[in-house]
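Participant: In this text, residue positions in the sequence shown follow this note's numbering: the first is 1034, and each later residue adds one.
Yeah, the Cβ is synthetic: ideal placement off N, Cα and C, and Gly gets one too.
The structure follows.
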Amino acid sequence: MEQQEPIYDLIGIGTGPFNLSLAALLDDIEEVDALFFEQKSAFEWHPGMLIEGTKMQVPFLADLVTMADPTNPYSFLNYISKHDRMYQFYFLQRLDIPRREYNDYCRWVADQLSSCRFGKRVTGIRHVKDNGDTFEVDVLDIETGNSALYRTRNLVMGTGSVPSMPQSFQGLPETDVFHTADFLINKDACLNKKSITVVGSGQSAAETFRDLLQEQRRYGFQLDWITRSPGFSSMEESKLSLEHFSPDYVNYFYSLPQEQKDEIFATQGLYYKGISNHTVNDIYNLLYEYSVGGEELPVGLQVLTEVRDVHAKADGGYELDCYHYQKGKKYTHETDVIIAATGYKPYVPDFVHYMEDFLVWDDQGRYEVTEDYRLKKNADTPNEIFVHSGISHTHGVGSTNLGLSIYRNKLIINQLTGREVFPLSEKNIFQSFSVQ
Ligand SMILES: Cc1cc2nc3c(=O)[nH]c(=O)nc-3n(C[C@H](O)[C@H](O)[C@H](O)COP(=O)(O)OP(=O)(O)OC[C@H]3O[C@@H](n4cnc5c(N)ncnc54)[C@H](O)[C@@H]3O)c2cc1C
């Protein structure tokens, strides 16, 4: 294995928006020598869900840098300016930019950052004490298959999440039974099938259903949407509810005992799991429009129903074992394509679990995290592992919210430099979550 000489101050594992924001903010901070490794060959933000017409669920101000430093050259407005789109953006009069544009903006930033290395997968990390405390990081070059060893004083994990697919949907042909994360890759092939069923009722399910509904009249397939939830519920989007995605709420949540955090988090699904009002409205409007004149639509929307199992049929297509749990009724549903809108789960690479003795774990096997986003450790060492991923149990509903990534990165940078590069304000919202 090739050994790289310099000892870095920081190595980032994964380059999604959270670590890309950190890389952008560190770009002009010379005292931190950082490298970020991403296994994909270029920056890509949920490519299977960059559906035309979808938009960001946070204002463009939650770009990679603006909320830390609006004068930073990697701001979204500078991207707009450099692409000569200022008047068009001005007349657009929107805070919620298209999702495809956010991806393009992030790629524009990533392409300018020499600290970001693509096509490189981190395959192992170890803490070593010889020659001064450092982490050793094994990095595989995906194209050449060669591995290299890097050394760093600190790490930052930004490995994000991966699609979560129920066991019963697995092992079937991936062009027929796939996760929404792969929707655009499979979309064209499934349009010519006779029937398509979307299972689940979050934002991804709704966006997929809306997109297929727009195609359905042209292609003529039967389109069904099945969910276990009691309704196709809207996300909590009132301005005061949005204050749950503030540093103030994160700090309040962090201060609670772990058992209470787990209880509260379990009740907060609609802050991040429901469907945006505008998407529900689009779907309703389309259904209304299509049904003018009493036309019967080949469309079904079914709530309160669990899909318990899936079988491939001998003559093609699939049979879903369904259970309406309020009526206590079992039935089967047939379809040619199943799209699982069954969410995502945090991705914590195995090599983190191999650091069993170095880190502190809770009684449910989750790592413990300090308030300022360091993994708690047993070892007596100045080296830190900062973390963006898998922290909803400690930091709550805002853990994956892009509007909070800057705040977290400001905290991380202040710790790395040992000075207040970015001041942090204590009171950012109108309401109080705690009492004096
Ligand atoms: C479709 C969709 C839309 C969303 N829209 C919004 C929104 O509008 N607003 C909002 O606030 N949130 C949104 N979210 C939630 C959240 O902001 C995103 O999931 C965001 O991508 C999280 O960023 P991240 O950097 O933590 O991780 P990710 O974007 O998941 O990136 C992690 C990266 O790490 C890489 N990686 C993993 N392991 C390794 C390794 N060992 N070596 C090298 N690389 C590795 C992966 O390849 C990946 O590119 C959305 C989520 C989804 C799924």
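Give the list of continuous beta strand (DSSP E) stretches no shorter than 3 residues that lie fully inside the region 1213–1291.
Facilitator: 1228–1232, 1255–1259
Participant: In the structure shown, what three-state DSSP assignment does L1408 receive?
Facilitator: strand
Participant: For E1308, collect the residues of the same chain with a Cβ closer than 8 Å to its Cβ; drop the 5 residues on either side in sequence, then sort them by chain order.
Facilitator: Going by the sequence as given, residue 1308 is Ile instead of Glu. S1234, G1235, Q1236, A1238, A1239, F1265, S1266, S1267, M1268.
Participant: Please confirm if the region 1082–1097 is in contact with the region 1122–1133, defined as three or more CB-CB distances below 8 Å between the two stretches.
Facilitator: yes
Participant: Within the region 1116–1201, note down every full beta strand (DSSP E) run reaching 3 residues or more, in order along the chain.
Facilitator: Taking only runs of at least 3 residues, the beta strand (DSSP E) segments lying wholly in the region 1116–1201 are 1149–1151, 1153–1161, 1167–1174, 1180–1185, 1188–1190, 1194–1196.
Participant: Please tell me whether K1153 and D1174 are closer than 8 Å, where the distance is taken between their beta carbons.
Facilitator: yes
Participant: For H1428, which three-state DSSP category applies?
Facilitator: helix
Participant: List the DSSP bridge partners of T1365.
Facilitator: For T1365, DSSP records a beta bridge to D1354.
Participant: Is I1158 near F1151, with beta carbons less than 8 Å apart?
Facilitator: no
Participant: Going along the chain, which residues of its own chain have a beta-carbon closer than 6 Å to the beta-carbon of E1024, five neighbours each way excluded?
Facilitator: Summary: the structure shown does not reach residue 1024, with the chain confined to residues 1034 through 1469, and so no result is reported for it.
Participant: Could you name the residues of the same chain whose beta carbon sits closer than 6 Å to that of T1427, not counting the 5 residues immediately before and after it, in chain order?
Facilitator: V1402
Participant: For L1059, collect the residues of the same chain with a Cβ closer than 6 Å to its Cβ; drop the 5 residues on either side in sequence, then sort them by chain order.
Facilitator: V1065, A1067
Participant: May I ask you to report which of helix, strand or coil DSSP gives R1441?
Facilitator: R1441 carries a helical assignment under DSSP once its states are collapsed to helix, strand and coil.
Participant: Between T1312 and ligand 1, is the CB less than 7 Å from at least one heavy atom?
Facilitator: no
Participant: Using 7 Å as the cut-off, classify the Cβ of P1290 as near or not near the heavy atoms of ligand 1, replying yes or no.
Facilitator: The closest heavy atom of ligand 1 lies 7 Å or more from the beta carbon of P1290.
Participant: Based on the DSSP secondary-structure assignment, which residues constitute the bridge partners of E1339?
Facilitator: Y1356
Participant: From Q1255, D1244, F1242, pick the residue whose C-alpha is nearest to that of K1470; which is it?
Facilitator: The requested residue 1470 does not occur in the structure, where the chain is confined to residues 1034 to 1469.
Participant: Considering just the uninterrupted stretch of the beta strand (DSSP E) at A1056, what are its terminal residues?
Facilitator: No beta strand (DSSP E) holds A1056; the alpha helix (DSSP H) holding it covers 1050–1059.
Participant: For A1373, which residues of its own chain have a beta-carbon under 6 Å away from its beta-carbon, when the five flanking residues on both sides are left out?
Facilitator: M1198, F1202, H1212, V1232
Participant: Roughly how many angstroms separate the alpha carbons of F1069 and A1056, rounded to a whole number?
Facilitator: 7 Å
Participant: Straight-line CA distance for V1470 to D1209?
Facilitator: The shown model of the chain, from 1034 to 1469, leaves out residue 1470, and the question about it has no answer.
Participant: Distance check for Q1145 and P1050, CA to CA, integer angstroms please.
Facilitator: 15 Å
Participant: Quickly, what does DSSP pair K1306 with across the bridge? List them, please.
Facilitator: K1306 is not bridged to any residue.
Participant: What's the gap between the Cα of S1262 and the Cα of L1303?
Facilitator: 12 Å
Participant: Could you compute how far the alpha carbon of Q1249 sits from the alpha carbon of D1257?
Facilitator: 11 Å
Participant: To which residues of the same chain is N1105 closer than 6 Å at the C-beta, ignoring the five residues directly before and after it?
Facilitator: V1098
Participant: Return helix, strand or coil for V1468, following the three-state DSSP convention.
Facilitator: coil
Participant: So, with DSSP's three-state summary, where would you put I1046?
Facilitator: strand
Participant: Please report the straight-line C-alpha distance between I1371 and G1431, rounded to a whole angstrom.
Facilitator: So the two alpha carbons sit approximately 30 Å from each other.
Participant: For F1093, name the three-state secondary structure that DSSP assigns.
Facilitator: helix
Participant: Since L1334 contacts V1189 with CB under 8 Å, what's their CB separation in whole angstroms?
Facilitator: Actually they do not touch by this definition, with Cβ atoms about 43 Å apart.
Participant: Please say whether N1052 and L1449 have beta carbons closer to each other than 8 Å?
Facilitator: no
Participant: Nearest-angstrom Cα distance between G1350 and L1205?
Facilitator: 11 Å
Participant: If you run the structure through DSSP and keep just helix, strand and coil, what is Y1107?
Facilitator: Coil.
Participant: Among G1326, L1275, K1378, which residue has its Cα nearest to the Cα of Q1301?
Facilitator: L1275
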